[in-house]
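Numbering (this note's numbering), first residue to last: 3 to 329.
Spelled out as structure tokens, the structure:
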């Protein structure tokens with residue numbers, strides 16, 4: 003299992019003959035968990051150690067600080083792992099109450115990929131999840147991007163810097179254009195940021211841009227690990243590169259970024275785990291599986307004018323700046 007900011011996933015990867023067992027096992031976990039007190043105490047200790055490990059990993063925890071700065075005082079801004087105090091305060095009743103409130107049919111998707119018949123899978127799931135509530139409860143808190151500046155001084159060799167802007171949800175018309183833009187700006191060794199910040203100026207070993215989409219909002223971010231003396235110059239340089247992309251983007255550069263995204267998308271189909279995860283996400287977000295031909299066509303349709311508009315839009319509104327490192 004794993005937990006993200008908007009969903010929790012339970013999964014099993016088994017031989018085709020064991021598919022019924024996998025369905026029954028997942029169904030039992032989600033509907034009939036016992037939450038033994040002794041086991042819960044032990045697992046809480048494990049999670050607290052995971053939290054401590056994250057805090058001791060600066061290029062990990064800085065993303066939590068970044069998220070909290072962009073989305074303060076709301077669910078989307080809180081760390082997925084939570085805090086040690088919060089984890090230790092949880093009881094079996096707390097967890098069972100949460101499951102009873104959120105784990106219902108309308109809130110869930112069951113997906114599978116590999117050597118299994120769809121109709122057979124539907125039958126297995128219908129039989130195994132007979133105790134699942136049919137009604138959804140509660141209303142999800144809407145995302146409210148705010149932005150701001152957060153700095154934390156820590157005795158480190160390197161400063162970890164995140165520079166961000168308000169992004170877009172999965173369903174936005176500019177989803178694929180923003181993906182291509184992120185690749186152009188900081189998606190690999192040929193990207194603008196890599197060439198300008200690392201190759202030309204030698205200011206960072208790791209620098210990249212990314213887009214993080216949610217159901218009703220998003221973030222566009224740039225991460226860089228740099229020296230103490232270069233922190234102040236990093237954000238202006240990043241914004242300069244974004245401004246350059248508001249006009250005159252070479253066609254070969256656009257084509258290279260589109261090809262890079264298409265290659266990653268198509269190669270992900272070689273993994274049944276990746277296929278299954280993509281399928282579940284598409285059903286949750288769009289209510290249907292997206293044909294690969296449709297995805298590729300939308301990537302190919304991204305043109306210079308759209309990319310320039312995406313760049314201009316990123317420069318509107320309050321940025322989010324987060325720094326963790328030497329003072």
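Don't be surprised by glycine CBs; every beta carbon is placed ideally from N, CA and C. Everything numeric in this text was worked out from a predicted model, so none of it was measured.
Apart from the five residues on each side of it in sequence, which residues of its chain come closer than 7 angstroms, Cβ to Cβ, to residue 321? Here the set comprises 149, 165, 166, 167.
Is the stretch 68–80 touching the stretch 138–147, taking contact as three or more C-beta pairs under 8 angstroms? yes
Can you have a look at residue 102 and say buried or exposed, based on whether 16 or more other CB atoms are within 10 angstroms of its CB? It counts as exposed.
Check whether chain C comes within 8 angstroms of residue 287, counting only Cβ atoms and requiring the distance to be less than that. Of the protein chains in this structure there is only one, and it is not chain C.
Distance check for residue 325 and residue 300, CA to CA, integer angstroms please. Taking the straight line joining both Cα atoms gives about 36 angstroms.
For residue 255 and residue 303, the rounded distance between their alpha carbons: 15 angstroms
Complete runs of the beta strand (DSSP E) confined to the stretch 218–296 [at least 3 residues]: 220–228
Taking 8 angstroms as the threshold, find out whether the stretch 312–319 comes into contact with the stretch 232–240 through three or more Cβ pairs. no
CB residue 226 to CB residue 126, shorter than 8 angstroms? Not closer than 8 angstroms, so no.
Can you tell me the Cα-Cα spacing of residue 178 and residue 309, whole angstroms? Whole-angstrom Cα-Cα distance: 10 angstroms.
Does the pairing of the stretch 112–126 with the stretch 280–299 give three or more beta-carbon distances under 8 angstroms? yes
Given a cut-off of 8 angstroms, decide if residue 16 and residue 24 are closer than it, judged by their beta-carbon atoms. yes
Quick one: give me the first and last residue of the alpha helix (DSSP H) that residue 120 is part of. 120–130
Residue from 99, 119, 51, 105 with nearest C-alpha to residue 19: 119
Compute the Euclidean distance between the alpha carbons of residue 198 and residue 182, then round it to the nearest angstrom. 19 angstroms
Classify residue 67 as buried or exposed, calling it buried when 16 or more other Cβ atoms lie within 10 Å of its own Cβ. buried
Which of the three DSSP states is assigned to residue 67 in this structure? helix
Who pairs with residue 211 in a beta bridge, going by DSSP? 224
Name the two residues that bound the continuous alpha helix (DSSP H) containing residue 100. 94–104
Hey, out of 6, 12, 93, whose CA is closest to residue 39's CA? 93
Using the C-alpha atoms, what's the distance from residue 134 back to residue 5? 20 angstroms
Quick one: what does DSSP say residue 173 is sitting in, helix, strand or coil? In the three-state reduction of the DSSP assignment, residue 173 falls in the coil class.
Under the rule that 16 or more other beta-carbon atoms within 10 Å means buried, what is residue 31, buried or exposed? That one is exposed.
Compare the Cα-Cα distances from residue 278 to each of 14, 7, 8, 9 and report the closest residue. When each option's Cα is compared against that of residue 278, the closest is 14.
What is the DSSP secondary structure of residue 163, counted as helix, strand or coil? strand
Thinking C-beta only, is residue 158 closer than 8 angstroms to residue 329? No, these two residues do not count as a Cβ contact at 8 angstroms.
As assigned by DSSP and simplified to three states, the class of residue 151: Strand, per DSSP.
On the DSSP letters alone, give me the boundaries of the alpha helix (DSSP H) that residue 23 sits inside. 21–34
In its own chain, which residues sit with a C-beta less than 8 angstroms from the C-beta of residue 50, not counting the 5 before and 5 after it? 86, 89, 90
Residue interval of the alpha helix (DSSP H) (run including residue 59): For residue 59, no alpha helix (DSSP H) encloses it, and the DSSP letter there is neither H nor E.
Pull up the CB-CB distance for residue 205 and residue 180, whole angstroms please, since I reckon it's below 8 angstroms. Their Cβ separation, rounded to whole angstroms, is 25 angstroms, which puts residue 205 and residue 180 out of contact at 8 angstroms.
Where the beta strand (DSSP E) through residue 326 begins and ends: 322–327
Thinking C-beta only, is residue 263 closer than 8 angstroms to residue 313? no
Quick one, are the C-beta atoms of residue 287 and residue 173 less than 8 angstroms apart? Taking 8 angstroms as the Cβ cut-off, residue 287 and residue 173 qualify as a contacting pair.
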